[in-house]
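Okay, so the sequence shown: first residue is 0 according to numbering that gives the first Met the number 0, each after it adds one. For every residue, glycine included, the Cβ atom is placed at its ideal position computed from N, Cα and C. Computed from a prediction, not measured in an experiment: that's the story for all the values here. Comments concern the structure below.
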Amino acid sequence: MRESDWRDFCSLIHLADDAAKNTKRDEKTVAFMFEVLMPYEFKGIRRAVIEYIREDKFAVAPSDIIRRIDGTPAEQSLAAWRLFLYTLERYGYYDSVRFPSPAYHFVIKCLGGWEQVYEVYGSLPDRELQFRAKEWRTLFEIGTGVRKLSRDDVPGYLAGYFERQNSSHGFGDYIPEPIDVMTGETLNREELTGGTDKNPMLKFVKGLRIGKRNKEMNKK
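The following block contains the structure:
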């Protein structure tokens, strides 16, 4: 939202309070809600409030609005999984890529990196792919649910085959720039901030997966 949406936002929240037969919230409370919801467009907020009022009789909270805009964790991970598959098909593992949120990079690094993920997921039959989807989506929900990941928690982009090969052979001047998977545009590598692979969350999740596999092997 923008500052110019303030009056419309106040009116919307007060109307929602009236509909729920709730005491109208004071200006400080509404201002705090406005600040929390600033990253979202007013149109989306209004639509979410209307949907909420149709389904619930209690006063609407920012979390109710955000949930209706962003979707449930399951809905988010399903949409992310579909974008992941689309990216695999469109770009393969040759190009370096950047996904729209750190959670994608978190999942892919947990699974071994962009090249390894392509080698595993890019050649699977549909039946096996759907089985693998459960693991991928679970990791995505961990990445978005345990705590809010930032770009500093994961690599700024996922390096592809061309970058790894050219770097290892001393052809640093001939490395293609990373691609934004949402727009298809090339990005300036030097401007893509990010962390390293040495992320405590990555180690934590890898440890869980290794432990689970060891238990399965012991059972056999």
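Cβ-based burial, residue i [other Cβ within 10 Å; buried from 16]
i	result
residue 20	exposed
residue 8	buried
residue 25	exposed
residue 63	buried
residue 217	Interpretation of residue 217 is limited by its pLDDT of 48, a score under 50 that renders its predicted location unreliable; the figure taken from the coordinates is listed afterwards. Answer is exposed; the Cβ neighbour count stays below 16.
residue 189	exposed
residue 156	buried
residue 54	exposed
residue 159	buried
Coarse secondary structure for residue i, derived from DSSP in three states
i	result
residue 179	strand
residue 157	strand
residue 22	coil
residue 143	helix
residue 97	strand
residue 133	helix
First and last residue of the uninterrupted alpha helix (DSSP H) at residue i
i	result
residue 32	26-35
residue 63	61-69
residue 76	72-90
residue 7	5-18
residue 45	41-54
residue 107	101-109
residue 118	113-120
Own chain partners of residue i with C-beta closer than 7 Å, once the 5 adjacent residues on each side are dropped
i	result
residue 61	32, 35, 36
residue 45	11
residue 187	176
residue 2	none
residue 57	19
Close-in-space but distant-in-sequence residues of the same chain around residue i (CB under 6 Å, 5 per side omitted)
i	result
residue 99	181
residue 59	15, 48, 51
Contacting residues, own chain, Cβ-Cβ under 8 Å from residue i (five flanking each side not counted)
i	result
residue 75	69, 139, 140, 143
The region 112-121 / the region 88-98 touching (three or more Cβ pairs under 8 Å): Under the three-pair Cβ rule at 8 Å, the region 112-121 counts as touching the region 88-98.
Three or more C-beta pairs below 8 Å linking the region 136-153 and the region 99-107: By the Cβ test, the region 136-153 is in contact with the region 99-107, since at least three Cβ pairs between them sit closer than 8 Å.
Stretch pair the region 164-174 + the region 129-147: three plus CB contacts closer than 8 Å: Of all C-beta pairs linking the region 164-174 to the region 129-147, fewer than three are shorter than 8 Å, placing the two stretches out of contact.
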